[in-house]
Amino acid sequence: MGSEALPNQESYYSEQYLRDIFRSKIARSQATGKDGIRIGAFESRLVEETRLIARKVAAESYHFTRYKERLIPRGPTRYPRQISIPTVRDRLTLRATCQLLHEHIPATRGTTPHTLIKMVVSKIRDGDQTSNVFLRLDVRDFFPSISHKILQRELRRVGIIPQVQKLCMAAVANSTGNKKEPQIRGVPQGLSISNALAALYMQRFDDEQADRSHAYFRYVDDILFICHSLQAEELLKVVSRKLSARGLKIHPKGVAGKTEISPVAGGIDFLGYRICVDEVSIRESSYERMFTNLQRVFTDFRYRHDVNRTIFRLNLKISGCIVDGRRRGWMMFFSYTECMSQLRYLDVHVSKQLSRVGFPPTKQAAIKRFVKSYYEIRFNLDATTYIPNFDKYNEGQMIEVISIMTDRKNEELMTWNIERIHSEFGRIISHEVQDLERDVGSPS
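In my numbering, the protein residues as written are 1033 to 1476.
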């Protein structure tokens, strides 16, 4: 789409556009912000709320409520990751802003991990495998280090209008948790605009690297170069200086899994994968995480002895799903692996663990398999019925899921109106999908 076909930036905050965005992007979310207002209560006042947002954005008087804090553990030796949770109203305003950024600045959409993995594999297999090396850099505290001054300059440079600039800067300055003082640096993680603003922040750096002789790949704060071994040390110095000029520091060389120079022939860990010349596999730590996540389901069965609940939750762990038009889950993320032995071993492990916890043998046929899920995702995703697409579930299927996950009888659920069914189904799926997102974890 050419820029002349794009709507005016003000139109992203019109009442009708906001209502459309709410229904397509927000309505299934169950998270609540600091004000405690839930989706259902907000939806009952949708006309009034969208009118309020439209008026305040136009008057440049919109104020964000302090974000609720969620801490995500990152292991015993690392501080937890702080996730910022906005109110429903703020989430809607931010989502409209995110759509504006994506459509007016395509680079803010970023590149998917699968696309990057394919590009890296193609480059190393077609390149000089004797002389080339990987130069991998990991930016230290990337999101908290983003300069507000530079970010606003970039928003202005790409033609974002002043009122939207002000909205973006207010969103990143807004505090999280119990902290009341505005943030003077950094972009909160967890907002719909976080990755878009980070991509914009790095756009000029990305463009500079694309014009050089070396191969360059970046996913958020994970940066990978493929270059001749004689160039690597100098390239590391130059890139470090350029990032420093943007307020970003890289981990020193030698820190395990962070900044390193290694021969292409030896392979490298990148975005959760182990990339070698002869095979792409799932990185060991990413692979081990799936065993941990499966164990949670087995433990749940030992205490509940709920066969149908276990089938539903275990199958979701194995196959992933589609919801809100997005692919979710561990197998979805790692569907570019070429190492079938890892997936076959997982299938054997599931079978053994089910027997160990006393799962009925007659019901084991209902459990999905990693290998089958892989082939369906890679080669048949548009037509498959093996991978659940919750966006296409009818009322009867929703009732079945609600019954399984809440122990309510079908007879009771059949008396519910369609709005209540949709709301409860959305709540259940939202909770389970959050678990899937945590299963994948950080790809870096």
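Each residue gets a CB set at the ideal place from its N, CA and C atoms; glycine is no exception.
Top-ranked residue by Cα proximity to residue i, from the options
| i | options | result |
| --- | --- | --- |
| S1177 | E1427, G1390, L1275 | L1275 |
| A1090 | S1405, D1332, K1198 | K1198 |
| Y1044 | L1267, A1203, R1321, H1136 | H1136 |
| F1175 | L1280, A1203, T1291 | L1280 |
| F1022 | I1399, T1119, T1369 | Since the first residue of the chain shown is 1033 and the last is 1476, residue 1022 is not available in this structure. |
| Y1319 | T1291, L1303, Q1374 | Q1374 |
| Q1048 | G1357, N1325, E1081, D1067 | E1081 |
| L1346 | V1355, A1059, F1323 | F1323 |
| I1316 | I1293, P1295, F1366 | Per the sequence shown, residue 1316 should be read as Glu rather than Ile. With distances taken between Cα atoms, E1316 lies closest to F1366. |
| D1310 | F1411, V1153, G1209, D1052 | V1153 |
| H1095 | G1068, S1245, A1203, P1112 | A1203 |
| P1420 | D1170, S1387, R1359 | R1359 |
| I1192 | D1356, D1439, P1039 | P1039 |
| R1410 | H1146, R1113, T1109 | H1146 |
C-beta atoms of residue i and residue j nearer than 8 Å
| i | j | result |
| --- | --- | --- |
| I1282 | R1185 | no |
| S1462 | S1061 | yes |
| I1071 | G1222 | no |
| L1133 | A1228 | yes |
| Y1099 | I1182 | no |
| C1200 | I1225 | yes |
| L1468 | G1352 | yes |
| L1348 | E1456 | no |
| F1237 | R1278 | yes |
| V1165 | S1261 | yes |
| K1290 | D1170 | yes |
| L1124 | I1085 | yes |
| A1231 | G1286 | no |
Span separating the alpha-carbon of residue i from that of residue j
| i | j | result |
| --- | --- | --- |
| F1422 | V1329 | 21 Å |
| P1284 | E1213 | 32 Å |
| Q1241 | E1451 | 51 Å |
| R1334 | G1390 | 8 Å |
| K1211 | T1416 | 47 Å |
| Q1263 | F1257 | 11 Å |
| R1087 | R1189 | 26 Å |
| E1265 | D1158 | 23 Å |
| T1162 | D1253 | 28 Å |
| S1035 | Q1235 | Low local confidence applies: a pLDDT of 43 at S1035 is under 50, so the model's placement there is unreliable, with the coordinate-based value given in what follows. Using only the alpha carbons, I get a separation of about 18 Å. |
| M1430 | I1453 | 7 Å |
| N1442 | E1432 | 7 Å |
| V1380 | R1321 | 16 Å |
| R1517 | L1413 | In the structure displayed, the chain extends from 1033 to 1476; residue 1517 sits before or after that span and is not available. |
| C1371 | K1424 | 32 Å |
| G1361 | G1304 | 13 Å |
| I1434 | T1342 | 14 Å |
| Q1195 | S1046 | 14 Å |
| D1160 | E1101 | 48 Å |
| T1140 | Q1396 | 44 Å |
| M1033 | L1187 | In this prediction, M1033 scores a pLDDT of 40, lower than 50, which makes its location untrustworthy; no coordinate-derived value is stated. |
| K1384 | Q1327 | 12 Å |
| S1207 | L1103 | 15 Å |
| T1331 | L1050 | 43 Å |
| P1393 | K1404 | 20 Å |
| V1312 | R1306 | 6 Å |
| Y1111 | I1354 | 32 Å |
| I1293 | N1340 | 49 Å |
| P1295 | C1259 | 10 Å |
| Q1041 | D1239 | 25 Å |
First through last residue of the alpha helix (DSSP H) which encompasses residue i
| i | result |
| --- | --- |
| M1048 | It should be pointed out that residue 1048 corresponds to Gln in this sequence rather than to Met. It spans 1047-1053 - the alpha helix (DSSP H) in which Q1048 sits, taken as one unbroken run. |
| Q1327 | 1316-1336 |
| R1189 | 1180-1189 |
| D1239 | 1226-1242 |
| Q1396 | Neither: Q1396 is in no alpha helix (DSSP H) and is coded neither H nor E. |
| C1371 | Unbroken run through C1371: none, as it is neither H nor E. |
Cβ distance (whole Å) where residue i is taken to contact residue j below 8 Å
| i | j | result |
| --- | --- | --- |
| M1437 | I1460 | 5 Å |
| R1168 | I1300 | 6 Å |
| F1402 | M1364 | In fact, because the Cβ distance is near 12 Å, the residues do not count as touching under 8 Å. |
| D1122 | T1144 | About 27 Å separates the two Cβ atoms, so there is no contact after all. |
| L1148 | Y1251 | 6 Å |
| Y1418 | E1427 | Actually they are not in contact, since the Cβ atoms of Y1418 and E1427 sit about 22 Å apart, beyond 8 Å. |
| Y1368 | K1150 | 7 Å |
| A1059 | E1075 | 7 Å |
| I1399 | L1386 | 7 Å |
Cutoff 8 Å: residue i Cβ touching any chain B Cβ
| i | result |
| --- | --- |
| I1255 | No chain B is part of this structure, which consists of one protein chain only. |
Extent of the continuous beta strand (DSSP E) run through residue i
| i | result |
| --- | --- |
| V1171 | 1164-1172 |
| P1295 | 1292-1295 |
| I1258 | 1254-1260 |
| Y1305 | 1305-1307 |
| K1274 | Unbroken run through K1274 is the alpha helix (DSSP H), 1264-1277; no beta strand (DSSP E). |
| Y1407 | Note, Y1407: premise wrong, no beta strand (DSSP E); alpha helix (DSSP H) at 1402-1411. |
| E1427 | Looking at the DSSP string, E1427 is not in any beta strand (DSSP E); the run it does join, the alpha helix (DSSP H), is 1427-1438. |
Residue i Cβ short of 7 Å to the ligand ADP heavy atom set
| i | result |
| --- | --- |
| A1128 | The ligand ADP is absent from the structure shown, which contains no ligands of any kind. |
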